[in-house]
Amino acid sequence: MKCLWCGEEVDRAQPILSFLLGSNRKCTCVHCEKPFMELKKHPTCLECGRLMTKVEVCPDCQKWHQVKEAVLLKNTALYAYDEAGRKFMELFKFVGDTRVTVLVIKELRQELLKYQKNGFVLCPLPSSEASLMKREFETIPYILEQCHVSTVSLLEHIGSGKKQSEKTRQERLQLKQPFKIKESVVIPKKVLLVDDVYTTGATLHLAAKALTEMGVEEVESLTLFR
């Protein structure tokens, strides 16, 4: 078999050993088991989780302090959105190779369980109808399903569906609300929004705003990459 990350041949005996050890290496070679930079091992922004040279509030978050719609308390990101992060998103989100999720599920599940123990309800950030038509599946709900954690769908996407990657920075910061609360849902006190990539933070801030306006007392977010 070939490593799903680099394409090199994997030792035939390795999948059996990996199964016994509970390792990712049944799908990857020894060099590709952990291809991402773990942000918890580096200094990051106190608010958005961005990689920094020292622990402080980054310039982007300082700008958010001036925006009244900015109600998101904190974002925690697992990995740096570098070349490996972009490769993951390309394979998973745009090519549709769901096998690569094995590379993030263990660490993501551990982090999600910490939030649940602290009373947070896990809420995946919904995709637009346009995105669903292209991919035919919702990326974050899919990953959360693989993590075997309970989630609640509180939000409905009512925006245009234009991807953040297709927008200019100015367009991203023009805060037009793309979310609304679903009808007949029970509003929890604490919500953890879960998404794939934190870019400018606009989408997450607007989702948090929609939730707080309906009575949620505390909103944080968790993303795979920042």
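Residue numbers 154 to 379, in my numbering, belong to the letters of the sequence shown in order.
From the three backbone atoms N, C-alpha and C, an ideal C-beta is built for every residue, glycine too.
These numbers come from a predicted model, not from an experiment.
Extent of the continuous alpha helix (DSSP H) run through residue i
i: Glu260; result: Ile258 to Lys270
i: His358; result: Ala355 to Glu366
i: Lys287; result: Glu282 to Arg288
i: Leu297; result: Thr292 to Cys300
Burial state of residue i, where buried means 16 or more other Cβ atoms lie within 10 Å
i: Cys159; result: exposed
i: Leu359; result: buried
i: His184; result: exposed
i: Thr206; result: exposed
i: Leu275; result: buried
i: His301; result: exposed
i: His195; result: exposed
i: Val372; result: buried
i: Met154; result: exposed
i: Ile169; result: Confidence at Ile169 is low in this model, with a pLDDT of 44, below 50, so the placement of that residue should be treated as unreliable; the coordinate-derived value is given next. When all chains shown are included, Ile169 counts as exposed.
i: Leu266; result: exposed
i: Ser313; result: exposed
i: Val248; result: exposed
i: Ser337; result: exposed
i: Arg379; result: buried
i: Arg239; result: exposed
Anticipated Cβ contact below 8 Å, residue i with residue j, distance rounded
i: Tyr232; j: Leu377; result: 6 Å
i: Leu308; j: Ala363; result: 7 Å
i: Leu157; j: Val253; result: 6 Å
i: Lys333; j: Ile311; result: 5 Å
i: Ser280; j: Glu291; result: 5 Å
i: Ala237; j: Phe273; result: Actually they do not touch by this definition, with Cβ atoms about 28 Å apart.
i: Lys342; j: Val369; result: 7 Å
Reference residue i; option with closest CA among the options
i: Thr197; options: Glu209, Tyr234 and Ala237; result: Glu209
i: Val344; options: Lys329, His310, Pro331 and Leu278; result: Leu278
i: Gln263; options: Leu225, Thr229 and Ser284; result: Thr229
i: Ser303; options: Ile311, Ile293, Leu244 and Arg203; result: Ile293
i: Leu256; options: Thr181, Ile311, Glu236 and Ser281; result: Thr181
i: Pro212; options: Lys221, Leu199 and Val224; result: Leu199
i: Ile340; options: Lys259, Leu192, Arg203 and Met367; result: Met367
i: Ser306; options: Ser313, Arg203 and Glu298; result: Glu298
i: Thr352; options: Val248, Pro331, Glu243 and Cys201; result: Cys201
i: Tyr234; options: Asp349, Lys342 and Pro331; result: Asp349
i: Leu346; options: Lys227, Gln330, Lys329 and Val248; result: Lys227
i: Tyr295; options: Lys246, Lys240, Gln330 and Asn271; result: Lys246
i: Lys187; options: Glu260, Ser374 and Val224; result: Glu260
Boundaries (first-last residue) of the beta strand (DSSP E) holding residue i
i: Ser374; result: Glu371 to Phe378
i: Ile311; result: Note, Ile311: premise wrong, no beta strand (DSSP E); not H, not E.
i: Asp348; result: Lys343 to Val350
i: Cys276; result: Val274 to Pro277
i: Lys333; result: Phe332 to Ile334
Considering only residues of the region 178 to 264, which uninterrupted beta strand (DSSP E) runs meet the minimum length of 3 residues and lie entirely inside it, listed in chain order?
228 to 232
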